[in-house]
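J.:
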Amino acid sequence: MKTSRRKFIGLGASVLSALPFVNAFGKGRMTPATKPIVVSTWNFGIQANVEAWKILSAGGRSLDAIEKGVQVPEGDPKESSVGLGGLPDREGKVTLDACIMDEKANCGAVVCLEHIVHPISVARKVMEETPHVMLAGDGALQFALQQGFKKENLLTKESEAAWKEWLKTSKYKPIANIENHDTIGMVAMDAKSNISGGCTTSGMAYKMRGRVGDSPIIGAGLFVDNEIGAATSTGVGEEVIRIVGSHLVVELMRQGNSPQQACEMAVRRIVKNQPENSKQIQVGFLAINKNGEYGAYALQKGFTYAVYSPEVQNKLFEAKSYY
Ligand code: SD4
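Numbers in my numbering are just positions in the sequence shown, counted from 1, shifted up by 196.
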């Protein structure tokens with residue numbers, strides 16, 4: 197009895213090892229999932245990933261990694277597109293947008309939030325402490341103050357000077373890959389295979405007062421589905437909202453596309469919608485799937501993203517682009 201049971205176990209192991217891993221979509225051969233993994237947009241993703249990795253490599257939760265990671269550019273006054281030091285709207289006010297989403301589809305967001313350095317943390321409080329998903333403007337600020345966040349001046353001397361320079365012509369023309377649109381979007385899978393994401397920005401520089409982009413909108417700037425993967429976006433938010441971009445990328449992965457294929461398909465949808473406009477602007481998508489595979493694609497050259505995993509360690513890549 198004992199012998200045959202041992203035999204059975206031995207056979208089981210060898211049969212199992214001969215079988216291909218089947219991916220989450222039931223197709224193809226896969227290697228075991230790469231995890232933990234964190235990916236984030238633009239060059240500042242490298243620094244943000246370092247903070248996120250401290251949590252992920254210690255077996256921590258992806259949601260905590262996301263919050264700590266994106267706080268890095270939020271708190272850096274030299275980054276003029278996120279948090280403190282962000283370029284203001286055309287009236288000289290720094291207004292921040294952020295959202296966060298976890299593996300259980302819990303999510304929180306703040307839009308047009310002023311005076312708070314870490315909107316991602318306010319978004320998390322909205323998710324965890326309120327029955328709502330999104331708070332806007334004064335209401336978001338009031339809530340943040342009630343939660344103990346400090347009111348601060350976010351307009352640095354440099355950003356104020358840049359705004360005053362802009363006022364001379366007051367021309368609103370977003371240019372690809374310059375600091376007027378560098379949001380940090382970050383998605384991560386932890387050692388338990390739970391996926392979360394966050395996205396935070398000061399939005400398009402010199403936008404109209406009250407304008408909100410894609411970044412704080414669940415489905416547009418960020419989407420997580422723990423069975424499938426997660427995606428985030430950067431660039432001209434209006435174009436991302438039109439196609440509900442990050443949700444689209446995740447749904448395309450659900451249909452069996454790789455993160456790379458899904459990001460490419462979403463970008464092509466933008467081109468199809470607005471062929472002329474798409475030549476002038478930048479939009480980029482970044483995604484991971486449940487196997488820890490990642491992909492990115494942009495309209496224009498120059499979209500960089502950082503990947504931190506056991507294999508890659510922390511490296512910056514430039515995404516392929518449509519143009
Ligand atoms: C927005 N998508 O407000 C943001 C800006 C951005 O890289 O991503 N910049 O439209």
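Backbone N, C-alpha and C define an ideal beta-carbon position, used for all residues, glycine too.
Measuring CB to CB, does Ile316 end up less than 9 angstroms from Glu287?
T.: One-based indexing of the sequence shown puts residue 316 at position 120. One-based indexing of the sequence shown puts residue 287 at position 91. It is not a contact, given that the beta carbons lie outside the stated cut-off.
J.: Would you mind sorting Leu512 into buried or exposed? The rule is 16 or more other CB atoms within 10 Å of its CB.
T.: Position 316 of the sequence shown, counting from 1, holds the residue named residue 512. Flag for Leu512 reads exposed.
J.: Mind checking whether Asp334 and Gly399 have CB atoms under 9 angstroms apart?
T.: Taking the first residue of the sequence shown as position 1, residue 334 is located at position 138. Taking the first residue of the sequence shown as position 1, residue 399 is located at position 203. Contact: no.
J.: What does a CB cutoff of less than 7 angstroms around His443 pick up in its chain, not counting 5 residues either side in sequence?
T.: Counting from 1 along the sequence shown, the entry for residue 443 is found at position 247. Only Gly415 and Phe419 meet the Cβ criterion.
J.: Please report the residue range of the alpha helix (DSSP H) in which Asn239 lies.
T.: For the purposes of this step, residue 239 is identified with residue 43 of the sequence shown, where counting begins at 1. Looking at the DSSP string, Asn239 is not in any alpha helix (DSSP H), and its letter there is neither H nor E.
J.: State yes or no: is the C-beta of Asp399 nearer than 8 angstroms to some heavy atom of ligand 1?
T.: Taking the sequence shown and counting its residues from 1, one reaches residue 399 at position 203. This sequence places Gly at residue 399; Asp is not what is there. Checking every heavy atom of ligand 1 against the Cβ of Gly399, one is found closer than 8 angstroms.
J.: With DSSP as the reference, label Gln457 as helix, strand or coil.
T.: Residue 457 sits at position 261 when you count from the first residue of the sequence shown. Looking at Gln457 - three-state DSSP - the assignment turns out to be helix.
J.: Helix, strand or coil, according to DSSP, for Leu351 in the structure here?
T.: Mapped onto the sequence shown, residue 351 falls at position 155. Three-state DSSP puts Leu351 in coil, outside helix and strand.
J.: Keeping to the same chain, check which residues put their C-beta closer than 7 angstroms to that of Val436; ignore five residues upstream and five downstream.
T.: Numbered from 1 along the sequence shown, position 240 holds the residue referred to as residue 436. Asp410, Ala416, Gly417, Ser429 and Val479.
J.: Can Met385 and Ile242 be called in contact, C-beta distance under 9 angstroms?
T.: For the purposes of this step, residue 385 is taken as residue 189 along the sequence shown, with counting starting at 1. For the purposes of this step, residue 242 is taken as residue 46 along the sequence shown, with counting starting at 1. No, the pair does not count as a contact, with Cβ atoms beyond the cut-off.
J.: Indicate whether Gly339 and Lys321 have their beta-carbon atoms separated by less than 9 angstroms.
T.: In the sequence shown, counting from the first residue as 1, residue 339 sits at position 143. In the sequence shown, counting from the first residue as 1, residue 321 sits at position 125. Correcting the residue identity first, residue 339 is Phe in this sequence and not Gly. In contact: Phe339 and Lys321 (Cβ atoms closer than 9 angstroms).
J.: How big is the Cα-Cα spacing for Leu350 and Pro273?
T.: Counting from 1 along the sequence shown, the entry for residue 350 is found at position 154. Counting from 1 along the sequence shown, the entry for residue 273 is found at position 77. One C-alpha to the other measures close to 8 angstroms.
J.: Note the first and the last residue of the continuous beta strand (DSSP E) segment covering Val420.
T.: Reading the sequence shown from its first residue, position 224 is the one you call residue 420. First-last of the beta strand (DSSP E) with Val420: Leu418 to Asp421.
J.: Between which two residues does the beta strand (DSSP E) holding Gln509 run?
T.: Reading the sequence shown from its first residue, position 313 is the one you call residue 509. Unbroken beta strand (DSSP E) run through Gln509: Gln509 to Glu514.
J.: Determine whether the beta carbon atoms of Asn469 and Ile424 lie at a separation below 9 angstroms.
T.: Here residue 469 corresponds to residue number 273 of the sequence shown, with the count starting at 1. Here residue 424 corresponds to residue number 228 of the sequence shown, with the count starting at 1. No.
J.: For the alpha helix (DSSP H) that contains Asp152, what are its first and last residues?
T.: In the structure displayed, the chain extends from 197 to 519; residue 152 sits before or after that span and is not available.
J.: Provide the residue span of the beta strand (DSSP E) that contains Ile439, from first to last.
T.: As a position in the sequence shown, residue 439 is number 243, starting the count at 1. Note, Ile439: premise wrong, no beta strand (DSSP E); not H, not E.
J.: Going by C-alpha to C-alpha distance, which of Trp362, Ile380 and Asp421 sits closest to Lys403?
T.: Numbered from its first residue, the sequence shown carries residue 403 at position 207. When each option's Cα is compared against that of Lys403, the closest is Trp362.
J.: Between which residues of its own chain and Lys300 is the CB-CB distance below 8 angstroms, once the five residues before and five after are set aside?
T.: In the sequence shown, counting from the first residue as 1, residue 300 sits at position 104. Asn422.
J.: Could you tell me if Pro228 is buried or exposed, where buried requires 16 or more neighbouring beta carbons within 10 angstroms of its beta carbon?
T.: For the purposes of this step, residue 228 is taken as residue 32 along the sequence shown, with counting starting at 1. Burial call: exposed.
J.: In the DSSP assignment, find the beta strand (DSSP E) that holds Gly425 and state where it starts and stops.
T.: In the sequence shown, residue 425 corresponds to position 229, counting from 1. Gly425 -> beta strand (DSSP E) spans Gly425 to Gly431.
J.: By how many angstroms is the C-alpha of Ile380 removed from the C-alpha of Ala502?
T.: To locate residue 502, count along the sequence shown from 1; it is residue 306. To locate residue 380, count along the sequence shown from 1; it is residue 184. Between Ala502 and Ile380, the C-alpha separation is close to 11 angstroms.
J.: How would you call Tyr493, buried or exposed, if buried means at least 16 neighbouring beta carbons within 10 angstroms?
T.: Translated into the one-based positions of the sequence shown, residue 493 becomes position 297. Flag for Tyr493 reads buried.
J.: Helix, strand or coil for Thr500, going by three-state DSSP, please let me know.
T.: Here the question's residue 500 lines up with position 304 in the sequence shown. Thr500 falls in the strand class under three-state DSSP.
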